[in-house]
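Heads up: the structure comes next, in structure tokens.
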Amino acid sequence: MDQLALYFSYPFVRYALVVGVLIALCSSLLGVTLVLKRFSFIGDGLSHVAFGAMAIASVFNLSDQMLLVLPVTMLSAVLLLRTGQNAKIKGDAAVAMISVGALAIGYLLMNLFSTSTNLSGDVCSTLFGSTSILTLKQMDVWVCIVLSVVVVAVFVLFYNRIFSVTFDENFARAVGTKVNTYNLLIAIIIAVIIVLAMNLVGSLLISALVIFPALSAMRVFQRFLSVTICSAVLSVCCAASGILISIVQGTPVGSTIVAVNIVVFVVFAIIGKIGGRS
Amino acid sequence: MAELICENLVLGYENTILIEDLNFEVNKGDYLCIVGENGSGKSTLMRTLLHLQPPVKGRIAFGEGLSATQIGYLPQQTIVQRDFPASVWEIVLSGCQSRLGHRPFYSKEEKQLAEQNMKRLGISDLRKRCYRSLSGGQQQRVLLARALCATEKLLLLDEPVSGLDPKVTAEMYRLIAGLHKEGITVIMISHDIQAALQYATHILHIGQQVFFGKTNEYLDSPVGRQYLNMEGGRQN
Numbered sequence: 003m004d005q006l007a008l009y010f011s012y013p014f015v016r017y018a019l020v021v022g023v024l025i026a027l028c029s030s031l032l033g034v035t036l037v038l039k040r041f042s043f044i045g046d047g048l049s050h051v052a053f054g055a056m057a058i059a060s061v062f063n064l065s066d067q068m069l070l071v072l073p074v075t076m077l078s079a080v081l082l083l084r085t086g087q088n089a090k091i092k093g094d095a096a097v098a099m100i101s102v103g104a105l106a107i108g109y110l111l112m113n114l115f116s117t118s119t120n121l122s123g124d125v126c127s128t129l130f131g132s133t134s135i136l137t138l139k140q141m142d143v144w145v146c147i148v149l150s151v152v153v154v155a156v157f158v159l160f161y162n163r164i165f166s167v168t169f170d171e172n173f174a175r176a177v178g179t180k181v182n183t184y185n186l187l188i189a190i191i192i193a194v195i196i197v198l199a200m201n202l203v204g205s206l207l208i209s210a211l212v213i214f215p216a217l218s219a220m221r222v223f224q225r226f227l228s229v230t231i232c233s234a235v236l237s238v239c240c241a242a243s244g245i246l247i248s249i250v251q252g253t254p255v256g257s258t259i260v261a262v263n264i265v266v267f268v269v270f271a272i273i274g275k276i277g278g279r280s
Numbered sequence: 096m097a098e099l100i101c102e103n104l105v106l107g108y109e110n111t112i113l114i115e116d117l118n119f120e121v122n123k124g125d126y127l128c129i130v131g132e133n134g135s136g137k138s139t140l141m142r143t144l145l146h147l148q149p150p151v152k153g154r155i156a157f158g159e160g161l162s163a164t165q166i167g168y169l170p171q172q173t174i175v176q177r178d179f180p181a182s183v184w185e186i187v188l189s190g191c192q193s194r195l196g197h198r199p200f201y202s203k204e205e206k207q208l209a210e211q212n213m214k215r216l217g218i219s220d221l222r223k224r225c226y227r228s229l230s231g232g233q234q235q236r237v238l239l240a241r242a243l244c245a246t247e248k249l250l251l252l253d254e255p256v257s258g259l260d261p262k263v264t265a266e267m268y269r270l271i272a273g274l275h276k277e278g279i280t281v282i283m284i285s286h287d288i289q290a291a292l293q294y295a296t297h298i299l300h301i302g303q304q305v306f307f308g309k310t311n312e313y314l315d316s317p318v319g320r321q322y323l324n325m326e327g328g329r330q331n
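Read top to bottom, the protein sequences are chains A and B. Numbers in our numbering are just positions in the first sequence, counted from 1, shifted up by 2. Numbers in our numbering are just positions in the second sequence, counted from 1, shifted up by 95.
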């Protein structure tokens with residue numbers, strides 16, 4: 003306990019905790035929708051795209067990588083969610099294709115043009131989450147807070163529409179709901195969250211933040227509202243405890259958070275089985 | 096003026112034309128059954144009526160104060176819905192989504208409407224139950240209640256009894272007939288020609304030959320007799 007109190011006296015620990023919790027909250031909100039729409043892997047695909055974009059940005063020595071990474075990721079998100087309707091290559095195949103394609107190109111570019119001396123270190127930290135969560139500046143924290151507030155506000159305001167579009171797209175469209183607009187909205191939000199979350203858990207592990215809380219909540223709860231709230235709470239708790247454990251034990255932040263999520267999922271699956279999932 | 100008029104409608108996908116030159120109209124209080132073999136374009140017709148896909152050619156017009164978004168649609172179940180965590184209440188209430196306008200949340204009136212429609216279909220006590228835990232018949236009632244929240248005038252039902260056992264099927268037909276008596280116009284896609292003949296006021300038969308008219312005229316028409324013989328032969 004004393005050790006924790008000591009850690010908390012450092013601002014970077016507090017920053018990490020705030021940013022981690024906010025990112026976890028945002029990603030879990032949309033997780034329920036993505037899982038139910040059978041788009042669990044979209045987080046994975048998009049984060050690989052973000053990785054590829056980041057590689058390109060560093061090749062061109064852009065000072066602010068976000069300027070390239072965010073638009074590229076958004077564009078891919080829009081394209082991927084659109085394929086749900088009339089594409090020649092269906093949802094899962096499209097995600098898989100873009101995902102591994104971007105990963106390969108990104109790594110290739112980094113290898114060909116990298117100026118860094120520690121290439122594999124760079125790649126590894128982008129893929130599995132870097133220590134950059136512990137080197138956040140105050141500015142980063144504010145950006146993260148503002149974006150999170152926007153994401154949560156949009157989600158709350160459009161909650162009823164998001165439910166309708168998730169449960170029955172055809173019915174929603176038939177009664178005049180602008181389904182495409184809302185799908186676009188979901189795509190853009192998920193892209194923003196993924197770019198934010200890359201610092202926390204890295205490209206490879208982002209899907210875990212998106213799907214685990216939602217899946218755990220679905221084991222136990224039966225209503226859309228309770229599933230959403232429960233998954234948000236779970237996600238925040240898992241992220242907070244994961245970050246604390248990793249600071250105290252010196253384990254990698256991203257994988258620790260995911261490990262905590264897995265444990266929670268197992269616990270909830272058992273509770274769901276015992277509870278009978280009426 | 097009819098509630099729904101289809102003129103010279105040509106339906107299909109990119110390069111395949113399924114139905115050509117379809118003309119029919121639906122008046123207030125009609126009960127229209129759309130019958131025909133598999134692949135004849137029944138679902139395409141339904142999707143076009145709902146504006147989920149554009150017609151290749153021709154015109155669909157709505158009259159008598161009915162707009163395209165005031166149709167109560169009962170779709171066939173999708174795979175997503177089978178394990179969807181949502182309560183009956185949440186689903187029925189989502190039928191009011193077209194009434195929201197620019198408001199983010201449902202108003203008291205909309206909640207009352209959902210409440211009334213649940214009572215109307217006898218599912219008030221299922222309110223808090225999870226959709227995926229209900230029986231097939233109960234699930235159809237929930238979706239029908241949702242459709243009623245979206246309309247007071249016209250219901251479009253896509254094979255409402257598929258997958259239900261005979262007893263529940265009969266109940267479902269009685270329920271729909273009851274709604275029809277209350278003055279709601281019904282358009283139904285059906286495989287079940289016997290029930291169609293029993294309940295419908297009009298029949299639209301699509302396929303290689305097209306028929307549109309009153310139910311008793313259908314029985315005397317060559318198309319009708321041929322189809323009934325075929326279907327009858329299959330059932331015996």
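Virtual Cβ for every residue (Gly too), placed ideally from N, Cα, C.
Per the coordinates, the alpha-carbon of residue 18(A) lies some 30 angstroms from the alpha-carbon of residue 226(A). Taking 9 angstroms as the cut-off, the Cβ atoms of residue 240(A) and residue 262(A) count as close.
CA-CA distance, residue 47(A) to residue 207(A), rounds to 11 angstroms.
Between residue 162(A) and residue 195(B), the gap from beta carbon to beta carbon is short of 9 angstroms. For residue 159(A), the C-beta contacts it makes with chain B under 7 angstroms involve 199, in order along the chain.
Contact check for residue 230(B) against residue 263(B) passes: the beta carbons are separated by less than 9 angstroms. Distance between residue 236(B) and residue 205(A), taken at the CA atoms: about 44 angstroms. From the listed residues 261(B), 298(B), 158(B) and 240(B), the smallest Cα separation to residue 271(B) is found for 240(B). Beta-bridge annotation (DSSP): residue 167(B) is paired with 250(B). Per DSSP, the beta-bridge partners of residue 283(B) are 128(B) and 252(B). Taking the Cβ atoms as the reference, residue 168(B) lies roughly 16 angstroms from residue 188(B), outside the contact range of under 8 angstroms.
Counting the other Cβ atoms within 10 Å of the Cβ of residue 197(B) gives fewer than 16, which makes it exposed.
A residue is called buried when at least 16 other Cβ atoms come within 10 angstroms of its Cβ; residue 108(B) does not meet this threshold and is exposed. With a threshold of 16 other beta carbon atoms within 10 Å, residue 38(A) meets it and is buried. The Cβ neighbour count for residue 150(B), taken over all protein chains shown within 10 Å, is at least 16; the residue is labelled buried. Here residue 107(B) is bridged, per DSSP, to 112(B). Pairing residue 190(B) with residue 197(A) gives a Cβ-Cβ distance that is not under 9 angstroms. For residue 80(A), no CB of chain B lies under 9 angstroms from its own CB, so it is not counted at the interface with that chain. Judged by DSSP in its simplified three-state form, residue 223(A) adopts coil rather than helix or strand. For residue 299(B), the enclosing beta strand (DSSP E) begins and ends at 297-300.
Taking each of 266(B), 273(B), 252(B) and 279(B) in turn and checking the Cα distance to residue 286(B), the smallest one comes out for 252(B). Residue burial annotation: residue 99(A) is exposed, with fewer than 16 other C-beta atoms found within 10 angstroms of its C-beta. At least 9 angstroms separates the CB of residue 150(B) from every CB of chain A. Any Cβ of chain A closer than 9 angstroms to the Cβ of residue 175(B) would place that residue at the interface, and such an atom is present. Where residue 154(B) is concerned, there is no enclosing alpha helix (DSSP H), although the beta strand (DSSP E) around it starts and stops at 152-157. For residue 59(A), same chain residues with a beta-carbon under 7 angstroms away, outside a window of 5 residues either side, are 67, 70 and 71 in chain order.
Shown here, residue 151(A) sits in a helix according to DSSP, grouped into three states. Close CB contacts of residue 102(B) within its chain, under the 7 angstroms cut and outside five residues either way in sequence, are with 118, 153 and 154 (chain order). Nearest neighbour of residue 290(B) by Cα position, chosen from 138(B), 127(B) and 145(B), turns out to be 127(B).
In the DSSP annotation of this structure, the continuous segment of the alpha helix (DSSP H) that includes residue 169(A) starts and ends at 161-169. Residue contact with chain A for residue 145(B): present (Cβ-Cβ distance below 9 angstroms to some residue of chain A). Relative to residue 44(A), the option among 231(A), 76(A), 269(A) and 250(A) whose CA is nearest is 76(A). Pairing residue 304(B) with residue 52(A), the inter-Cα distance amounts to about 55 angstroms. Contacts with chain A at 9 angstroms (Cβ-Cβ) do not include residue 321(B). Residues of chain B whose Cβ lies closer than 9 angstroms to the Cβ of residue 175(A) are, in chain order, 145, 146 and 147.
One Cα belongs to residue 259(B), the other to residue 186(B), and the distance between them is close to 20 angstroms.
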